[in-house]
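Scroll down for the structure; my scribbles are underneath it.
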Amino acid sequence: MTENLLELRKLSKHFPIHSGLARRVTGEVRAVDDVDLIIKRGETLGLVGESGCGKSTTGRAILRAIEPTSGEILFHGKDGTVDVAQLGRTDLKQIRRRMQMVFQDPYASLNPRMRVEEIIAEPLICLERMSRGDRRDRVVELLELVGLNSQYLARYPHTFSGGQRQRIGIARALALAPEFVVCDEPVSALDVSVQAQVLNLLIELQQRLGTTYLFISHDLGVIEHLCDRVAVMYLGRIVEVADTEALLRTPKMPYVEALLASVPHADPHAVTAHAIVRGEIADPANRPTGCAFHPRCAYATDVCRSVAPELRNVGTRSNPHLAACHFSETLQLNGVA
Amino acid sequence: MTSRPIISVRNLEVGAMSRHGMLRPLRGIDLDLPFGQTVGLVGESGCGKSMTARALLNITPAPMRITGGTIILDDGKAPPQNLSALDPDGVAMRAIRGARVAMIFQEPMTALSPVHTIGDQIGEMVRIHRKLGRREAKAHAIEMLDMVSMPNARQRYDAYPFNLSGGMRQRAMIAMALACGPDVLVADEPTTALDVTIQAQILELLQRLQADLGMTVLLITHDLGVVARTTKRVAVMYLGEIVEEASTIQLFDTPLHPYTQGLLSSVPRLGSRRGRREPLPTMRGTVPSALVELAGCAFHPRCTKAVAGLCDVIKPVMAEVNPGHSARCLLYPEVLVASKRGSSVVQPEPVS
Amino acid sequence: MTIEKAASTSTASTGQPEESPLRLMWYKFRAHRLAVWSLWIIVGLYLMAIFANFLAPFDPETRTGLPYSPPSWPTVMADDGFNWPPVVYGVTSTLDMKTFKRVYTVDTTRQYPVKLFVAGDQQSWFGLFASDRHLIGVESGGAFFLMGTDALGRDVFSRVIYGSRISLSIGLVGVSISLVLGVILGGISGYFGGAIDLVVQRLIEIIQCFPSIPLWMALAAALPHDWTTVQVYFGITVILSLVGWTDLARVVRGRFLSLREEDFVMAARLAGASEARIIGKHLLPSFASHIIASVTLSIPSMILAETSLSFLGIGLTPPALSWGVLLQTAQNVNTLAISPWLLLPGGMVIITVLAFNFLGDGLRDAADPFAKERLS
Chain A
1268 MTENLLELRK
1278 LSKHFPIHSG
1288 LARRVTGEVR
1298 AVDDVDLIIK
1308 RGETLGLVGE
1318 SGCGKSTTGR
1328 AILRAIEPTS
1338 GEILFHGKDG
1348 TVDVAQLGRT
1358 DLKQIRRRMQ
1368 MVFQDPYASL
1378 NPRMRVEEII
1388 AEPLICLERM
1398 SRGDRRDRVV
1408 ELLELVGLNS
1418 QYLARYPHTF
1428 SGGQRQRIGI
1438 ARALALAPEF
1448 VVCDEPVSAL
1458 DVSVQAQVLN
1468 LLIELQQRLG
1478 TTYLFISHDL
1488 GVIEHLCDRV
1498 AVMYLGRIVE
1508 VADTEALLRT
1518 PKMPYVEALL
1528 ASVPHADPHA
1538 VTAHAIVRGE
1548 IADPANRPTG
1558 CAFHPRCAYA
1568 TDVCRSVAPE
1578 LRNVGTRSNP
1588 HLAACHFSET
1598 LQLNGVA
Chain B
6 MTSRPIISVR
16 NLEVGAMSRH
26 GMLRPLRGID
36 LDLPFGQTVG
46 LVGESGCGKS
56 MTARALLNIT
66 PAPMRITGGT
76 IILDDGKAPP
86 QNLSALDPDG
96 VAMRAIRGAR
106 VAMIFQEPMT
116 ALSPVHTIGD
126 QIGEMVRIHR
136 KLGRREAKAH
146 AIEMLDMVSM
156 PNARQRYDAY
166 PFNLSGGMRQ
176 RAMIAMALAC
186 GPDVLVADEP
196 TTALDVTIQA
206 QILELLQRLQ
216 ADLGMTVLLI
226 THDLGVVART
236 TKRVAVMYLG
246 EIVEEASTIQ
256 LFDTPLHPYT
266 QGLLSSVPRL
276 GSRRGRREPL
286 PTMRGTVPSA
296 LVELAGCAFH
306 PRCTKAVAGL
316 CDVIKPVMAE
326 VNPGHSARCL
336 LYPEVLVASK
346 RGSSVVQPEP
356 VS
Chain C
877 MTIEKAASTS
887 TASTGQPEES
897 PLRLMWYKFR
907 AHRLAVWSLW
917 IIVGLYLMAI
927 FANFLAPFDP
937 ETRTGLPYSP
947 PSWPTVMADD
957 GFNWPPVVYG
967 VTSTLDMKTF
977 KRVYTVDTTR
987 QYPVKLFVAG
997 DQQSWFGLFA
1007 SDRHLIGVES
1017 GGAFFLMGTD
1027 ALGRDVFSRV
1037 IYGSRISLSI
1047 GLVGVSISLV
1057 LGVILGGISG
1067 YFGGAIDLVV
1077 QRLIEIIQCF
1087 PSIPLWMALA
1097 AALPHDWTTV
1107 QVYFGITVIL
1117 SLVGWTDLAR
1127 VVRGRFLSLR
1137 EEDFVMAARL
1147 AGASEARIIG
1157 KHLLPSFASH
1167 IIASVTLSIP
1177 SMILAETSLS
1187 FLGIGLTPPA
1197 LSWGVLLQTA
1207 QNVNTLAISP
1217 WLLLPGGMVI
1227 ITVLAFNFLG
1237 DGLRDAADPF
1247 AKERLS
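Shown next, in the form of C-alpha cells:
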C-alpha cells in the first residue's frame, strides 16, 4: 500500500487567453498550477473541488489527454519509472495500456455510430495484436465483468440507459487491464438509484483487479465512501491532502471546512446553524494575491492577503496531513460530525 | 395538513402521443401546498417532478398537455380558480403566472434574456403586472436585488446575465420571480447546477425569503440533502405518481415505500459512517420511461419486497399509514384495503 | 427526460429490434413530410433528365413550323362527350395582316388520338443506342405543345426536359468540386488550427466578401470564346464551385472543431487510436450526414447561379440548352406579352430549388438522430 504508483511534480496546465483579430495571447488561465500529488499503488485517491477548480484538467493532464504545460508525471510501473509528460508518440501509445479513464458523461463518451463490440474492442484493436476471435472473446469477457449481457455486442449505445452506458465505458477502460484509472465524475450524470450500482461495480472491480483509482468528484459523500485519501483543489492548486477520515473529521484548511459545512445533510434533525462561506470562487484568470481563498475566508489576516501559503505537512511523519494554510496548527476547524 | 392548502392538485395528468406510443409523464398527481410552507418534491430524472412544476403554471412543453385533473389556486386574492382549465396562453393564466405563482429554474439562462440587463428584466415584470412607471420599476428592481443579497445591487442593475456568475444569476432569477410578490414559488432544481458552497447560499436565501415573505414554496430536487435541510413536508415521485408523502422528519426516520427506502439507503452520504467500500444497497434496473405501462404497482419490477400475485396485479392507491404519512404500497394493510375498495381514502372535495 | 432517451430505454428493456443510426435517421427524415415529397420530386426530375429523349415529344431543335404557338393540351372531352384516348385537335395558323400577329385557330374536325410509344424524331441515348420512340405523341399531321413553342417553333416542353440535363447536373458537378475543395481546406483548417486555420479563414472571408454576380461575370468573361459547349459547361461549373466552396469549408471546419472536443474522440485517443483512425473511424462518419445535408442545401444556389449567368448571356449560350438559356428568350417584354409561356422554364427552376431546399432541411434534421428532443 505504501508504494507510490504515480507522482505529480509541479504539474501545470495553463490555457492562454486569446483576444483580438490576430488572436494574440493576452493572458492565461492557470487551470492547474504547480500541483504536487502522490498516488499510491492500489489506493483510491479522491480529488475534490468545485467546478473550475482544475480537478478534471488534472486528471486529463496526467493521461496526456490534454498536454500539460510543465511538470513531471512520474509513473512507477512494474518495469521502471517513466515521466509520462516527456513521452514521445509511440511510448505514449504504450503507456495507454497502463493508464485509462472513465468519463463523466456516458452519452458523449461513446461514439453513437459504433456498436458496443467496436467500442469496447477499440483499445484492443489499436494496442494489442489479437486475432478477431480472441478479441471477441475478450470483449464478451469484459461485458460480463461489468455485468452486461454478451447479447448486447451488436447494439448501438443509444439503446442503453445511462447506467448501462457507463458500464460499457468502464469495460472499455479496463480492456487492457490498466494499473491506473482516472474516474472523472463517473456517477454524477447518473440517476440516484443507478449511481449505487456503478459505484459498487467500480469497488468490486478494484478489489478483483487491484486497480489504482484517481476518483474525481464533487460529491463528498461518494468520496467518503470510496476513497482512502482525499485531495482538495481550489483554483488550480491542491489545498489539502490527507486520509479521508482525517480530512473529513479534522480539516486543516478553512476552505475544506466551508466545503464540508455546505453539503446539505440528508438528516432533517441536523442543525445547520454554522456560517455559510460568503462570496464566490474567484475568476481563475484573475487569481487573488496571497492565499486564493482569502476573500472568502472567515479567518483571513494580512499575511493571507499577501503571502501564498505552501502545501506543507501539518500532521505526523508517519501519517502526513498536507494543508496550504498559514494557520493550520492554530485554527480549530470543524469537520463532519 | 397543518393549514389550508394554497394550491391543491387533484388527479393531475399530463400526456402526449409520440412515435413510440402514449407518453404519460404525470399519471394522477394529488398534492397540497399548505399556506406558507415549503414542500419538497423528490424523484429521479424522468419521474415527472419537473413536469409537475410546469403543469402548475400551465407551461407544459409541447406536445405535452394537461389531459386531466384539477389545480385549484386559492390564495385569497381572488376566488379559487382551476388553473388546469385555463387556456395556457390566455389572459387569465398570464395574469396568474409570475404575479401569483412564480417559478425558478435549474438553469437561470433559460429564464433570463441574454440581451437585456437584469435590472430591466426585473423592472419589466412589475411594469407589466403592477403597471408601475419606469422610475418606480427601477427602484423596485434594485430593492429586489438587495433582497436577494445581490452584491452591489445598484451596479448589478445594469449587468447582463452573462456578466454574472452562476450563483448571481440564480439570485437575479429569484429576484425576477419574486418581483411581483407571488404567494407561491415553484423552484425546479434551483441549486442543481451550482457548486455546494453556492448551493448552501442559495438555499439559505430561499429559506430566508420564504420566512420573511410568508411564501409557499414547492422545492423540486433529486437531492435528499436539500430536502432535509429546507422542507417541512416531502412528496416522493416515481413514474408520474406520488408514492409517499409525509413530514420531512417522518420520511427520513421511517420511510414506508420501498422506493423511498432504496433512495435513502443507496446514496452514500457524507458523515454516514458506513464502512468504506461496503457494497451499497442498490435498486435493480433503471428508471422506466414515461411510455411504460405496468399492471399493478409501478415500482414492482424493481422492488425487492414485491409479492407476486399482489404487487403486479392490484394498482395501489395513496393511503394514510401513519398520521400525516401516506404511501402507495400494498405491503401496508391500510393501502391494500383502500386499493381493493378501488378508491383512495376520502379526499377533501376540491372547492370549485 | 427526453423522448429519445425514453425510447431507447424502452428498446433496451423490451428487446425490440435493434435500431441502427441509419434507421434512426430515416425515421427522423420521414417525419419531415415536405422533405420526403421533395425527395420524390427530385428523383423524378433527374429521371426526366436521364430519359429526356424518350420523355420529350420532340427533338429540342426540331422546328415545327408553328412559332409562338400557345400551350395546347390533349382533351378527353371531344365530340360532346367523354372520349378515350384523349385527342388533339388540328390547328391552322394564319397571319393577321393588320397586327402581323400569328393567329392559331383550332380545327375540331381534325382529331389526332394521343398514343403511347409513338414514332417521332430519331434520338440517340447518350450515344449508346438510338430510337425514334417517344413516350407520348400523336400521329404525324397533328402536334401538341404542353408549354407552347418559341420564336422558331420549337417545343418548349421538350426543350425544358432537355435543358434539365445541364441545369440539374451543373448543380451536382459544381457541388462535388466545392465539396472536395471544402472538405480539404475546411478539414486542414479545422485539424491543424493555428496559423493555417487563420489563413484559410481569412481567405474564405475575402472570397465571401466579393459580390458574386460581378465575380462570376469577370470569370466567365475570361473563358475563351472558341471553347466548345462542353468546355464552357465545365468552365462555368469550376467558376461556380470556386466561389461556392467557402460555406462547405466552414461547415466542415466547424464540425471538425466541435467533434475533436467530444469525449468519445478523447476516449479513442486514450485507447491508442492513431490520428488516421480517429479521422476515418470517428470524425468522418460523425459528420458525413451533416455534410450531405449541407451539400444538398448548396445545390440550389449552384442551379440558380447557372440560371442567372445564362440568363445574363455570360454563361451558356445556344446551342447549349439549359433553363437559364431558355429564360434568356423571355427577356424581351414584347415577346413575353405575346407568349407568356416562355417563362415556364422559370417555374421548373423554382420547383427544383424549393425541392432541394426542403430535402436539405429534412436531411439536416435527420443528420443528428441522437439529438435529444427536450421535453422538460
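Chains A, B and C are the protein sequences, given in the same order.
In this note's numbering, each number is its position in the first sequence, counted from 1, plus 1267.
In this note's numbering, each number is its position in the second sequence, counted from 1, plus 5.
In this note's numbering, each number is its position in the third sequence, counted from 1, plus 876.
Yeah, the Cβ is synthetic: ideal placement off N, Cα and C, and Gly gets one too.
Between His1536 (chain A) and the ligand NAP, is the CB less than 8 Å from at least one heavy atom?
Ligands in the displayed structure: none, and consequently the ligand NAP is not present.
Who are the neighbours of Arg1145 (chain C) on chain A, taking C-beta pairs under 8 Å?
Ala1332
Please list, in chain order, the chain A residues whose beta carbon lies closer than 7 Å to that of Ala1125 (chain C).
Chain A residues near Ala1125 (chain C): none, gap ~19 Å exceeds 7 Å.
My understanding is that His1492 (chain A) touches Arg289 (chain B), with C-beta atoms under 8 Å, so please give their C-beta distance in whole angstroms.
At roughly 20 Å, the Cβ-Cβ gap does not stay under 8 Å, so His1492 (chain A) and Arg289 (chain B) are not in contact.
Counterpart residues of Glu249 (chain B) in DSSP-defined beta bridges:
B:Val241 and B:Ala332
Can you give me the Cβ contacts of Val1217 (chain C) inside the same chain, cut-off strictly under 7 Å, excluding the 5 residues immediately before and after it?
What sits at residue 1217 (chain C) in the sequence shown is Trp, not Val. The answer, listed in chain order, is Pro946, Pro947, Met1023, Gly1024 and Val1032.
Determine the chain B residues that contact Gly1430 (chain A) at a beta-carbon separation under 7 Å, and present them in chain order.
Thr291
From Leu36 (chain B) to Lys82 (chain B), what does the alpha carbon distance come to, in whole angstroms?
21 Å
DSSP three-state label for Ala324 (chain B), please.
strand
Going along the chain, which unbroken runs of the beta strand (DSSP E) with 3 or more residues stay wholly within the stretch 992-1064 of chain C?
1005-1014
Since Asn1378 (chain A) is in the beta strand (DSSP E), which residue starts that stretch and which ends it?
Run containing Asn1378 (chain A): none; DSSP gives neither H nor E here.
Taking the C-alpha atoms as reference points, what is the distance between Pro30 (chain B) and Val1076 (chain C)?
49 Å
Note down the Cα distance separating Pro10 (chain B) from Cys185 (chain B), rounded to an integer number of angstroms.
21 Å
Please state whether DSSP places Cys1571 (chain A) in a helix, a strand or coil.
helix
Per DSSP, which residues does Phe1234 (chain C) bridge with? Please list them.
Answer by DSSP bridge pairing: none, since Phe1234 (chain C) is not bridged.
With a threshold of 8 Å on Cβ separation, who are the neighbours of Ala1421 (chain A) within its own chain once the five nearest residues in sequence on each side are excluded?
Arg1382, Val1383 and Glu1384
Out of C:Ala1242, C:Leu1239 and C:Pro1195, point me to the one whose CA is closest to Arg1035 (chain C)'s CA.
C:Pro1195
Taking C-alpha atoms, which residue in B:Val153, B:Ala182, B:Leu190 and B:Arg159 lies nearest to Met173 (chain B)?
B:Val153
Between which two residues does the beta strand (DSSP E) carrying Val1347 (chain A) extend?
Just to set this straight, residue 1347 (chain A) is Gly in the shown sequence, not Val. Taken as a continuous stretch (DSSP letters only), the beta strand (DSSP E) holding Gly1347 (chain A) covers Gly1347 to Asp1350.
Interface positions of the stretch 1342-1374 of chain A facing chain C (Cβ-Cβ less than 7 Å), listed along the chain
Lys1360, Arg1363, Gln1367, Met1368, Phe1370 and Asp1372
Exposure label - Thr1293 (chain A); buried when at least 16 CB within 10 Å:
exposed
So what does His1281 (chain A) bridge to, in DSSP terms?
A:Arg1297
Identify, in the order they occur along the chain, each residue of the same chain with its Cβ nearer than 8 Å to the Cβ of Ser1279 (chain A), setting aside the five sequence neighbours on each side.
Arg1297, Val1299, Asp1300, Asp1301, Val1302, Pro1335, Thr1336, Ser1337 and Gly1338
Going along the stretch 1129-1162 of chain C in order, which residues come within less than 9 Å of chain A, judged by CB to CB distance?
Glu1138, Asp1139, Phe1140, Val1141, Met1142, Ala1143, Ala1144, Arg1145, Leu1146, Ala1147, Gly1148, Ala1149, Ser1150, Arg1153, Lys1157, His1158, Pro1161 and Ser1162
On the CB-based measure, 16 or more other CB atoms within 10 Å of its CB, does Phe1482 (chain A) come out buried or exposed?
buried
So what's Glu1385 (chain A) in DSSP terms, helix, strand or just coil?
helix
Looking at the C-beta of Ile109 (chain B), does it have a partner C-beta in chain A at a distance below 9 Å?
no
List in chain order: all unbroken alpha helix (DSSP H) runs of 4+ residues lying wholly within the stretch 1055-1109 of chain C.
1070-1085 and 1088-1097
Taking just the CA atoms, how far does Gly1503 (chain A) sit from Ser1573 (chain A)?
18 Å
Segment limits, alpha helix (DSSP H) that includes Glu895 (chain C)
From DSSP, Glu895 (chain C) is part of no alpha helix (DSSP H); its letter is neither H nor E.
Within 9 Å of any Cβ in chain B, is that where the Cβ of Met1268 (chain A) sits?
Any reading at Met1268 (chain A) must be qualified, since the residue scores a pLDDT of 45, below 50, and its modelled position is unreliable; the value itself is stated next. Not closer than 9 Å to any Cβ of chain B, the Cβ of Met1268 (chain A) fails to qualify, so no.
Can you list the residues of chain C that Leu1394 (chain A) reaches, using a CB-CB cut of under 8 Å?
Ala1147 and Gly1148
Measure from the C-beta of Thr75 (chain B) to each C-beta in chain A and report whether the shortest distance is under 9 Å.
no
According to DSSP, what are the bridge partners of His1343 (chain A)?
A:Thr1348
So Pro85 (chain B) packs on Ile77 (chain B), CB below 8 Å; how close in whole Å?
5 Å
For Ser896 (chain C), would you say it is in contact with chain A, using Cβ-to-Cβ distances shorter than 9 Å as the test?
yes
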